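Start counting the sequence shown at -4; every next residue gets the next number (the working numbering). By construction, the Cβ of each residue, glycine as well, lies at the ideal position given by its N, Cα and C atoms. Predicted model only: the values in this text are computed from it and were never measured. One structure is given here, and the rest of the page talks about it.
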Amino acid sequence: MLAFLTLIASLLLILAASSLFTHSVEAVAHRYGLGVGVAGSLLAAVATAMPETIVPLLALAQGHAESIGTGAIMGAPLMLSTLTLGLLAMTALKQRGWKGIIKTDDQIRADLRLFMLAYTYALLLMALPHGWMPGWAWALPLLVAYSVHSWRLIRQARVMEEMVPDSFLQGYAVGGWV
């Protein structure tokens, strides 16, 4: 029973922290004049990817099997992408049925395009023999692609100047922290 109550309390804590995190990211984006696309696609994405990044680094640094690092690196994004794409498909079917069209904005299309190309590239690399090319050589195109994508997001945000409304920030920003 104690384990169940601890689980429920932990889930509620995660929910509260997620809400605080979301509002803080929006407040930081507003404070530095970044658009909502930058807040979601860069700030939130990098911060929420930290656990998937740190777990394999710690596993490798502590001398654990490389499979733990590989599993953490590939497992979480694959699980999230299949869950997210499944939910997206169900939502789209509910919203428009089998024949309708849902219009997406340019930001979502750009994010999805980068995501699909990067995953396709990573899956193709997994099929290559180990040691075929050095790690930096296959990682470099991914870093360049993400850097170009980030630069475009920031440039687009400055042009569009989409800001979080001040009334929103007054209600949710954490004073002095962001």
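(request) Rounded to whole angstroms, what's the CA-CA distance from Ala44 to Arg91? Just pull it up for me. (result) Taking the straight line joining both Cα atoms gives about 31 Å.
(message) DSSP three-state label for Ala(-2), please.
(response) Of the three classes helix, strand and coil, the one that applies to Ala(-2) here is helix, per DSSP.
(request) Output yes or no for whether 7 Å exceeds the beta carbon distance between Leu112 and Ser36. (result) With respect to Ser36, Leu112 sits apart: the two C-beta atoms are not nearer than 7 Å.
(request) For Ala67, collect the residues of the same chain with a Cβ closer than 8 Å to its Cβ; drop the 5 residues on either side in sequence, then sort them by chain order. (result) Within the same chain, Ala67 has close Cβ partners Glu47, Val50, Pro51 and Ala54.
(request) Would you check whether the ligand ATP has a heavy atom nearer than 6 Å to the C-beta of Leu52? (result) No copy of the ligand ATP occurs in the structure displayed, which carries no ligand at all.
(request) From the DSSP output, in three-state form, read off Gly58 for me. (result) DSSP places Gly58 in coil when its eight states are reduced to three.
(request) Taking Leu109 and Ala140 to be in contact with their CB atoms under 8 Å, please state how far apart those CB atoms are, rounded to whole angstroms. (result) About 6 Å; that satisfies the 8 Å criterion.
(message) According to DSSP, simplified to helix, strand and coil, what is Ala40?
(response) In the structure shown, Ala40 adopts helical secondary structure according to DSSP, grouped into three states.
(message) Whole angstroms are fine: how far does the CA of Ser145 sit from the CA of Thr115?
(response) So the alpha carbons of these two residues sit roughly 19 Å apart.
(message) Do Ala34 and Ala24 have their beta-carbon atoms positioned less than 7 Å apart in this structure?
(response) Taking 7 Å as the Cβ cut-off, Ala24 and Ala34 qualify as a contacting pair.
(request) Would you tell me roughly how many angstroms separate the C-alpha atoms of Ala4 and Ala42, rounded to the nearest one? (result) Ala4 and Ala42 have their alpha carbons spaced roughly 23 Å apart.
(request) Would you mind giving the Cβ-Cβ distance between Gln102 and Gly32, rounded to the nearest angstrom? I have them listed as a contact below 8 Å. (result) Indeed they touch by this definition, with Cβ atoms about 4 Å apart.
(message) Quick check on the DSSP output: the alpha helix (DSSP H) that includes Tyr116 runs from which residue to which?
(response) For Tyr116, the enclosing alpha helix (DSSP H) covers residues Asp101 to Met121.
(request) Alpha carbon to alpha carbon, how far is Ala39 from His18? Give it in angstroms, no decimals. (result) His18 and Ala39: Cα-Cα distance of roughly 10 Å.
(message) Can you tell me whether Gly81 is buried or exposed? The criterion is at least 16 other CB atoms within 10 Å of its CB, across all chains shown.
(response) Counting C-beta atoms within 10 angstroms of its own C-beta, Gly81 has fewer than 16 neighbours from the protein chains shown and is therefore classed as exposed.
(message) With the cut-off set at 7 Å, would you say Trp131 and Leu120 are in Cβ contact?
(response) No.
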